[in-house]
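These protein sequence lines are chains A and B, in that order. Sequential numbering from 12 applies to the first sequence in the working numbering. Sequential numbering from 12 applies to the second sequence in the working numbering.
2 protein chains.
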Amino acid sequence: MADSHNGDWWRPLLDPEDEHGKRRAALLHAAFDVIAEAGFEGLRTRAVATRAGVNIATLHYYFPSKQDLIEGLAQLIGAKFVTLHGPAPRPSGFPALDRLRQEFSDGRFYLKHHPEMLLVVQEFSLRGKRDPEVQKIFDQMNAYWRDGIEQMVQEGIADGTFRHDIPPREMFPLLMSIFTGIAVSGAGQIEALERNTETWILSPKAKKKLEKRQGGKQ
Amino acid sequence: MADSHNGDWWRPLLDPEDEHGKRRAALLHAAFDVIAEAGFEGLRTRAVATRAGVNIATLHYYFPSKQDLIEGLAQLIGAKFVTLHGPAPRPSGFPALDRLRQEFSDGRFYLKHHPEMLLVVQEFSLRGKRDPEVQKIFDQMNAYWRDGIEQMVQEGIADGTFRHDIPPREMFPLLMSIFTGIAVSGAGQIEALERNTETWILSPKAKKKLEKRQGGKQ
DNA sequence: ATATTAATCAATCAATTGATTGACAAGCAA
DNA sequence: TTGCTTGTCAATCAATTGATTGATTAATAT
Chain A
12 MADSHNGDWW RPLLDPEDEH GKRRAALLHA AFDVIAEAGF EGLRTRAVAT
62 RAGVNIATLH YYFPSKQDLI EGLAQLIGAK FVTLHGPAPR PSGFPALDRL
112 RQEFSDGRFY LKHHPEMLLV VQEFSLRGKR DPEVQKIFDQ MNAYWRDGIE
162 QMVQEGIADG TFRHDIPPRE MFPLLMSIFT GIAVSGAGQI EALERNTETW
212 ILSPKAKKKL EKRQGGKQ
Chain B
12 MADSHNGDWW RPLLDPEDEH GKRRAALLHA AFDVIAEAGF EGLRTRAVAT
62 RAGVNIATLH YYFPSKQDLI EGLAQLIGAK FVTLHGPAPR PSGFPALDRL
112 RQEFSDGRFY LKHHPEMLLV VQEFSLRGKR DPEVQKIFDQ MNAYWRDGIE
162 QMVQEGIADG TFRHDIPPRE MFPLLMSIFT GIAVSGAGQI EALERNTETW
212 ILSPKAKKKL EKRQGGKQ
């Protein structure tokens with residue numbers, strides 16, 4: 012994710028060579044913007060079409076129904092989330108800690124540069140409660156995220172980076188709750204939150220090592 | 012809050028003697044139900060009126076506009092939240108810990124018995140981003156909650172129940188994030204989450220006392 | 001050259017939606 | 001009784017909304 016901290020972020024997603032895909036993508040991005048501004052409550056196909064610079068009938072040509080448009084956007088966001096959260100090699104002495112920090116870094120990035128992304132995800136999260144198709148995609152997204160965190164926790168405990176007296180299965184909901192809380196409330200003190208979380212879950216051994224390393228550098 | 016864990020919960024809110032207030036309340040409760048089922052996206056004045064058993068024109072008699080209805084419900088929920096979260100005397104050796112546990116207890120209660128309440132609050136939270144009037148009420152609600160937690164943290168640190176090496180101002184966003192995360196994700200492992208949170212923030216002294224007390228009882 | 005398909009739009013439809021109007025009945029005051 | 005206020009509803013309005021139709025143009029295939 013850190014690699015994509017640029018202006019382009021997630022927009023170029025469908026094949027830009029394909030004219031058909033281009034317009035389709037433009038409509039999806041327009042839908043994203045409208046939802047970000049007005050929520051699902053204010054999502055109007057006309058607004059989406061106008062924003063994409065096409066006629067309302069053209070929208071229905073690419074997305075037969077409003078529901079198709081919504082599901083298309085859900086899949087777009089889901090796919091992008093997986094891409095951005097994909098496993099990346101992070102060479103370091105504390106791979107688990109690095110991944111934890113990456114997670115916070117991602118949170119900071121969205122909060123600072125693309126809060127509308129978190130907002131739209133919340134909109135979808137809420138809509139999923141009454142829309143099985145959306146829920147399915149949302150569940151996949153969450154499962155992917157959960158698996159990543161769970162793996163991180165297990166690795167961290169296995170290599171002695173994280174405390175061993177918190178069961179992996181219990182540490183996960185803890186982190187998940189913290190991350191979700193950050194995304195929703197937009198915690199202003201995310202740095203302090205990160206620091207304290209580390210203080211909490213790092214093993215004494217890893218703490219000492221880190222202090223030593225930092226002490227040597229400073 | 013624990014005292015109100017009954018079937019009536021928060022419904023009897025306005026003066027039931029007043030016929031005018033009765034109808035008004037019925038409309039607000041109907042609106043609550045509609046939002047719980049269909050979200051703001053699906054909130055229709057007709058549905059609310061029908062549910063309350065009155066004509067659409069009667070709804071507009073009590074609430075001139077849809078916006079008035081929404082703001083009325085926001086205030087209703089806000090007021091009830093303050094009532095339910097009001098400071099209650101909790102005689103115990105660990106007042107701060109008791110309040111912490113009460114907070115988790117409240118979370119469990121809503122998740123188990125009234126998840127629709129959390130859902131509607133989320134709907135309002137999201138709507139607040141584009142509705143200043145709603146946001147104002149929501150902010151008051153959150154400020155009240157925050158103050159309570161902040162006070163709890165300060166008391167807990169002052170009387171030695173909580174760790175003193177975490178600044179109160181840093182412990183607060185931590186708990187806030189955890190609570191929010193629970194409400195949103197509906198964490199299934201809320202019990203484990205509570206246990207680990209306690210392990211985290213309790214001071215060593217308080218832990219020993221608790222262990223002793225529990226050991227003596229069991 | 002001709003037929004077919006893809007892409008687009010202006011115009012329109014049928015249904016919905018928030019809100020209003022005008023009428024009526026019950027309660028209350030003068 | 002008379003007149004005013006409150007509460008309620010059937011009917012209606014004007015605007016919106018998701019979706020369709022029919023026509024047109026450009027590209028592609030035969």
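In this text, a Cβ means the ideal position worked out from N, Cα and C, and glycines have one as well. In this text the structure is predicted, and so the values were computed from the model without any measurement.
**Message:** Does the CB of Q225(A) have a neighbour CB from chain B at under 8 Å?
**Reply:** Chain B contact via Cβ: absent.
**Request:** Identify whether F173(B) lies in helix, strand or coil by the three-state DSSP scheme.
**Result:** strand
**Message:** Which residues does DSSP list as the beta-bridge partners of L185(B)?
**Reply:** Per DSSP, none; premise fails for L185(B).
**Asked** Just to confirm, are T172(A) and S214(A) a CB contact at a threshold of 8 Å?
**Response** yes
**Request:** Taking all protein chains shown into account, decide if T191(B) is buried (16 or more other Cβ within 10 angstroms of its Cβ) or exposed.
**Result:** buried
**Asked** Opposite L213(B) in the DSSP bridges: which residues?
**Response** The partner list for L213(B) (beta bridge, DSSP) reads F173(B).
**Reduced DSSP category for R224(B) - H, G, I as helix; E, B as strand; rest coil** = It is helical.
**L122(A): contacting residues in chain B (beta-carbon distance under 9 Å)** = None at all; the shortest Cβ gap to chain B is about 12 Å.
**Three-way DSSP call (helix, strand, coil) for S136(B) in this model** = helix
**Asked** Mind checking if G50(B) is an interface residue toward chain A, Cβ cutoff 8 Å exclusive?
**Response** yes
**Request:** Whole angstroms is fine: what's the gap from Q165(A)'s alpha carbon to P179(A)'s?
**Result:** 6 Å
**Asked** From what residue to what residue does the alpha helix (DSSP H) around P178(A) run?
**Response** No alpha helix (DSSP H) contains P178(A), which DSSP labels as neither H nor E.
**Prompt:** Alpha carbon to alpha carbon, what distance is there between G32(A) and G199(B)?
**Reply:** 40 Å
**Asked** With a Cβ-Cβ cutoff of 8 Å, do L185(B) and L204(A) count as a contact?
**Response** yes
**Message:** Please state whether the Cβ-Cβ distance between A41(A) and R62(A) is less than 8 Å.
**Reply:** yes
**Request:** Write down every uninterrupted run of the alpha helix (DSSP H) in the segment 48–77 of chain B whose length is 4 residues or greater and which is fully enclosed by it, in chain order.
**Result:** 56–63 and 67–73
**Asked** CB-CB under 8 Å to V59(A), same chain, minus the five flanking residues each way: which ones, in chain order?
**Response** L38, A41, A42, V45, L70 and L80
**Message:** Can you find the residues in the same chain that come closer than 6 Å, C-beta to C-beta, to L6(B), ignoring five residues on each side of it along the sequence?
**Reply:** Residue numbering for chain B in the displayed model covers 12 to 229; residue 6(B) lies beyond these limits and cannot be assessed.
**Listed by chain order, chain B residues near W211(A) by CB distance under 8 Å** = At a beta-carbon threshold of 8 Å, the residues of chain B lying near W211(A) are W211, ordered along the chain.
**For R157(A) and F135(A), believed in contact at Cβ under 8 Å, the rounded distance** = The pair is not a contact, with the Cβ atoms about 17 Å apart (cut-off 8 Å).
**Request:** Whole angstroms is fine: what's the gap from E127(A)'s alpha carbon to D142(B)'s?
**Result:** 16 Å
**Asked** Tell me which same chain residues have a C-beta within less than 8 Å of the C-beta of Y155(B), skipping the five on either side of it?
**Response** F92, V93 and H96
**Own chain partners of Q113(B) with C-beta closer than 6 Å, once the 5 adjacent residues on each side are dropped** = If we look at Q113(B) and ignore the five residues flanking it on each side, it has no Cβ neighbours.
**Prompt:** Leaving out the 5 sequence neighbours to the left and right, which residues in its chain are closer than 8 Å to Q146(B) when beta-carbon positions are compared?
**Reply:** G139 and K140
**Message:** With distance defined between alpha-carbon atoms, name the residue in H124(B), S76(B) and T56(B) nearest to I67(B).
**Reply:** T56(B)
**Message:** Between which residues of its own chain and E209(A) is the CB-CB distance below 6 Å, once the five residues before and five after are set aside?
**Reply:** none
**Request:** Thinking Q86(A) and I148(A) are a contact (beta carbons under 8 Å), I'd like their distance in whole angstroms, please.
**Result:** 6 Å
**Message:** Please classify Y72(B) as buried or exposed, where buried requires at least 16 neighbouring CB atoms within 10 angstroms.
**Reply:** Exposed: under 16 other Cβ atoms inside 10 Å.
**Prompt:** Taking Cβ positions only, does V195(A) come closer than 8 Å to chain B?
**Reply:** yes
**Request:** Anything in chain B within Cβ reach of E134(A), meaning under 7 Å, just list it in chain order.
**Result:** L137
**Request:** Can you grab the Cα-Cα spacing for the pair S196(B) / Q133(B), in whole Å?
**Result:** Rounded to whole angstroms, S196(B) to Q133(B) spans 11 Å at the Cα level.
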